[in-house]
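Report on one structure; see the data block that follows.
Numbering (our numbering), first residue to last: 332 to 628.
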């Protein structure tokens, strides 16, 4: 696939996660944020305050649905009831798109409430690709899958994470939600080169970025979403923008949630970092073109 259909993954700008502590502020002040992402599972009900808030926010802002329990890598059957409720929610609020995680989170009917990594094997690739195709058929739309942070690797893995992600996106014809913080966390934990990861992911498949904070435990990093984005992740984000372009970018903050203005400031910083990265990239290309022209002369 050369790219996504026009409007399939619109250029939303810079958004934040809509979380309960900020419901009142958002409804009362209508802040100048570009868009909101919500956790799908919090709204898969027939009524109640959360759904009412989401409906009112959707009247003024684009919304993206981001799930945490699809468990696309599990060997359990796909949850058809969950998919039906997710599709009904999507039909109600018309999100810009739907995303979830490239992981498994349960087996034997038991949910572990965590995002567990997969073995990056040909067998797992075929299994997940077939399930993604069925999910997209059920939802009647393409989905985006996010790379997760990880703390262990499987001996069965024959592919790198980025090669697995690229192959899955091509085989299942899905999009990639590139979580820049997760790339950084996993690279630190497993000692791989972040540059190899970025260069291994196909440009035409990436539809969105995530940015978040993590906790440094010395020997390893934990993806805790309870800190500001660190300088190293900002630098990696700039590199991602130079490779993949200016894509919709979301700030995630799920624990020790600060005042909305703090969250909003992180989104504005993402905009500034992306703009500077593109200027630097353009300047570099122009300089290279000038040098090439001099050599030809």
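Idealized CB from N, CA, C, for every residue including glycine.
Asked                                                                                                                                                             : Found
Who are the Cβ neighbours of residue 484 in its own chain at under 8 Å, not counting the five residues just before and after it?                                  : 448 and 521
Exposed or buried, which one is residue 617 when buried takes at least 16 other CB atoms within 10 Å?                                                             : exposed
By a C-beta neighbour count over all protein chains shown, 10 Å radius and 16 as the cutoff for buried, is residue 406 buried or exposed?                         : exposed
In three-state terms, what does DSSP make of residue 586?                                                                                                         : coil
Just reading off the beta strand (DSSP E) that residue 436 is part of, what are its end residues?                                                                 : 435–438
Is the stretch 462–469 touching the stretch 507–515 in the sense that three or more CB pairs, one from each, lie closer than 8 Å?                                 : no
Report all residues from its chain with a CB closer than 8 Å to the CB of residue 415; omit the five preceding and five following residues, and keep chain order. : 469
Which same chain residues end up closer than 7 Å to residue 487 when comparing Cβ atoms and leaving out the 5 residues on each side of it in sequence?            : 450 and 452
On the criterion of 16 or more Cβ atoms from any shown chain inside 10 Å, does residue 349 qualify as buried, or is it exposed?                                   : buried
Expressed to the nearest angstrom, what Euclidean distance is found between the alpha-carbon atoms of residue 465 and residue 360?                                : 41 Å
Within 10 angstroms of the Cβ of residue 332, are there 16 or more other Cβ atoms? Answer buried if so, exposed if not.                                           : Here residue 332 scores only 41 on pLDDT, less than 50, and its place in the model is too uncertain to base an answer on.
Out of 422, 393, 386 and 370, point me to the one whose CA is closest to residue 344's CA.                                                                        : 393
Touch check for the stretch 473–480 and the stretch 425–440: three-plus C-beta pairs under 8 Å?                                                                   : yes
Please state the DSSP three-state secondary structure of residue 524.                                                                                             : coil
Could you give the DSSP three-state label for residue 577: helix, strand or coil?                                                                                 : coil
Measuring only the C-alpha atoms, how far is residue 358 from residue 387?                                                                                        : 8 Å
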